[in-house]
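Chemist: My questions will all concern the structure given below.
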Amino acid sequence: MPIAPTKPQSDWRALSARVLGGEFVDRPTALSILDTPDDGLLDLLSAAFAIRKKYFGRGVRLHLLHNAKSGLCSEDCAYCSQSAAAVSGAPQYPLQSAEEIAAGAEDAVQARAVRYCIVISGRGPDETGLRHICDAARLIKRRHPHLQVCASMGLLDDAQAQRLKAAGVDRYNHNLETSRRFYPEICGTHTYDDRVASARAAKRAGLELCSGGLLGMGETPADRVDLAFALREIDADSVPVNLLDPRGGTRLAGRPRLSPMEGLRILAMFRFVLPDREIRIAGGREAVLGPMQPLALYAANSMFTNGYLTTAGQGHAADLAMLAAAGFTVAEIHA
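Taking the numbering used here, I'd label the letters of the sequence shown as residues 12 to 346.
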C-alpha cells in the first residue's frame with residue numbers, strides 16, 4: 012500500500028525501512044524528499060544508502076560511452092549540442108564502421124566497465140546504422156562475451172528492437188528526459204509519446220531498458236517527481252540521472268546549473284521511488300556536484316567513466332581514486 016506523505020523533517024531512516032519492507036512512496040512523499048532542508052541532507056542520503064546497499068552493496072558499476080556518430084542530428088532538443096538547432100563546436104563525423112565500434116569495447120574492458128554504451132546521433136536508426144550496430148554487437152560478444160552492450164539510437168520500433176536483441180545487444184537506452192507536461196518546452200520534432208513507445212518496444216523485444224532524464228532544464232520539482240514515476244511505470248531497469256551543464260549554442264545555454272545540494276536531493280528521490288533499479292550519475296556530475304560527487308554514490312550505484320558524448324569528464328584514474336577514497340568498490344564483470 013502507498014506510504015502516507017512525509018514531511019521534510021521526517022525520519023528518513025524509518026521511511027527507507029518501510030520501502031525495504033515492500034511499501035512504495037507516493038508523489039507527495041517524493042516531493043517532500045526534494046524539499047529536504049540542507050541541514051537534513053546527510054540524514055536523507057544515509058537513508059537512501061540503506062536502500063542502495065541492500066540491492067547493490069558498495070559496488071559501483073562503471074559504464075563507458077562510445078559516440079559512434081556525432082552531430083548531424085535532425086532533432087531540435089533544446090539541451091543538445093548535436094541538435095540541428097544548435098550552433099556549437101560539437102564534433103561532427105559520420106557513422107563508424109562495425110569494426111571501429113567494436114574496437115572501442117577494448118577501452119571498456121580496460122576500464123573495468125560492466126557495460127559498453129554505443130550511441131549514434133539522429134532521430135532513429137536507418138538500415139545502415141542498424142546493421143552496423145548489430146554487426147558490432149556480434150563482434151563484441153565474440154571477443155568479450157561477458158561485456159554488456161547497450162545501444163542508444165533514438166526512436167525505435169518493434170522490428171528494430173528485435174534485430175538488436177538477436178544480434179546480442181543487451182540493453183537499449185532511450186531517455187524520457189523530463190515529465191510529459193514539460194516535454195514540449197524542450198523538443199518539438201518528436202513527442203513524449205514517441206519516446207515512451209520506443210522504450211516499450213525495447214522491453215517487448217526482451218532488451219533491458221535504460222531510461223532516465225536530464226534535470227535542471229527549468230522543470231519544476233513536480234516535473235522531476237513525475238519523471239521518476241513515469242520511469243517506474245515503463246519498468247526502466249537502469250536510470251541515468253543527468254544534471255544539466257548548459258552547452259554553448261543550445262537554447263539552454265544561459266540556464267544556471269543546479270546546486271550540488273539540489274542534485275543530491277534529486278538522486279535520493281530517485282532511489283526512494285526506484286529502490287531496486289540501477290541509478291547512474293551521468294552527464295554533468297563533475298560540473299554540478301564538484302567535490303560532493305562521492306556523496307552521490309550513497310544513492311546511485313553506477314556512473315559513466317572517462318567522459319560523455321561531447322564533453323570530457325574528470326578522467327578514469329580520478330574516478331577510480333574517488334571511489335577508493337569514499338570506500339566504494341568497482342563492480343566487476345561476472346562470468
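Just so it is clear, CB atoms sit at the ideal spot from N, CA and C, and this is done for glycine as well.
As the structure is a computational prediction, the values presented were derived from the model and not from experiment.
1) For residue 157, count neighbouring Cβ atoms within 10 angstroms of its own Cβ and tell me buried if that reaches 16, exposed if not.
2) Can you tell me the Cα-Cα spacing of residue 38 and residue 222, whole angstroms?
3) Contact defined as beta carbons within less than 8 Å: I believe residue 261 pairs with residue 84. What is the distance between those atoms, to the nearest angstrom?
4) Checking 8 Å against the spacing of the C-beta atoms, do residue 268 and residue 227 come in under that value?
5) In or out: residue 291 buried (at least 16 other Cβ within 10 Å) or exposed?
6) Alpha carbon to alpha carbon, what distance is there between residue 314 and residue 212?
7) Check whether the Cβ atoms of residue 255 and residue 263 sit closer than 8 Å, and answer yes or no.
8) On the three-state DSSP scale, how would you describe residue 182?
9) For residue 288, which residues from the same chain have a beta carbon less than 6 Å from its beta carbon, with the 5 sequence-adjacent residues on both sides left out?
10) Using 10 angstroms around the beta-carbon of residue 66, count the other beta-carbons present and answer buried if the total reaches 16, otherwise exposed.
11) Taking its Cβ as the centre, do 16 or more other Cβ atoms sit within 10 Å of residue 50, making it buried, or is it exposed?
12) Are the CB atoms of residue 108 and residue 93 nearer to each other than 8 Å?
13) Return helix, strand or coil for residue 77, following the three-state DSSP convention.
14) Less than 8 Å between the CB atoms is what I'm expecting for residue 71 and residue 334, so what's the real figure, rounded?
15) Kindly indicate the opening and closing residues of the alpha helix (DSSP H) around residue 67.
16) With distances taken Cα to Cα, identify the nearest neighbour of residue 342 among 74, 245, 103, 240.
17) Distance check for residue 136 and residue 163, CA to CA, integer angstroms please.
18) When you compare each of 115, 26, 274, 63 to residue 160 by their alpha carbons, which one comes out closest?
Modeler: With the structure as the only source:
1) Along the sequence shown, read from residue 1 onward, the residue named residue 157 stands at position 146. It is exposed - the Cβ of residue 157 has fewer than 16 other Cβ atoms within 10 Å.
2) Your numbering for residue 38 matches position 27 in the sequence shown. Your numbering for residue 222 matches position 211 in the sequence shown. Approximately 20 Å between the Cα atoms of the pair.
3) Here residue 261 refers to the residue found at position 250 of the sequence shown. Here residue 84 refers to the residue found at position 73 of the sequence shown. Contact doesn't hold; Cβ gap of about 12 Å is too wide.
4) Taking the sequence shown and counting its residues from 1, the one referred to as residue 268 is at position 257. Taking the sequence shown and counting its residues from 1, the one referred to as residue 227 is at position 216. It is a contact, given that the beta carbons lie within the stated cut-off.
5) Within the sequence shown, the letter at position 280 stands for residue 291. It is buried - the Cβ of residue 291 has at least 16 other Cβ atoms within 10 Å.
6) Counted from its first residue, the sequence shown places residue 212 at position 201. Counted from its first residue, the sequence shown places residue 314 at position 303. Taken atom to atom, the span from the alpha-carbon of residue 212 to that of residue 314 is near 25 Å.
7) Position 244 of the sequence shown, counted from the first residue, corresponds to residue 255. Position 252 of the sequence shown, counted from the first residue, corresponds to residue 263. Against a cut-off of 8 Å, the Cβ pair of residue 263 and residue 255 comes out as a contact.
8) Reading the sequence shown from its first residue, position 171 is the one you call residue 182. Reduced to three states, the DSSP call for residue 182 is strand.
9) Your numbering for residue 288 matches position 277 in the sequence shown. Contacts found: 250.
10) As a position in the sequence shown, residue 66 is number 55, starting the count at 1. Exposed is the call here.
11) Counting from one through the sequence shown, the residue named residue 50 turns up at place 39. Exposed, because fewer than 16 other Cβ atoms sit within 10 Å of the Cβ of residue 50.
12) By 1-based counting over the sequence shown, the position of residue 108 is 97. By 1-based counting over the sequence shown, the position of residue 93 is 82. No, they are not a contact pair.
13) Position 66 of the sequence shown, counted from the first residue, corresponds to residue 77. In the three-state reduction of the DSSP assignment, residue 77 falls in the strand class, which pools E and B.
14) Within the sequence shown, the letter at position 60 stands for residue 71. Within the sequence shown, the letter at position 323 stands for residue 334. Between residue 334 and residue 71 the Cβ distance is about 6 Å, and since that is below 8 Å, they are a contact.
15) Position 56 of the sequence shown holds residue 67. Residue 67 -> alpha helix (DSSP H) spans 52-67.
16) Counting from 1 along the sequence shown, the entry for residue 342 is found at position 331. Nearest to residue 342 by C-alpha distance, out of 74, 245, 103, 240, is 74.
17) Walking along the sequence shown from the start, residue 163 turns up at place 152. Walking along the sequence shown from the start, residue 136 turns up at place 125. Cα to Cα, the separation comes out at about 9 Å.
18) Indexing the sequence shown from 1 puts residue 160 at position 149. The candidate whose alpha carbon is nearest that of residue 160 is 115.
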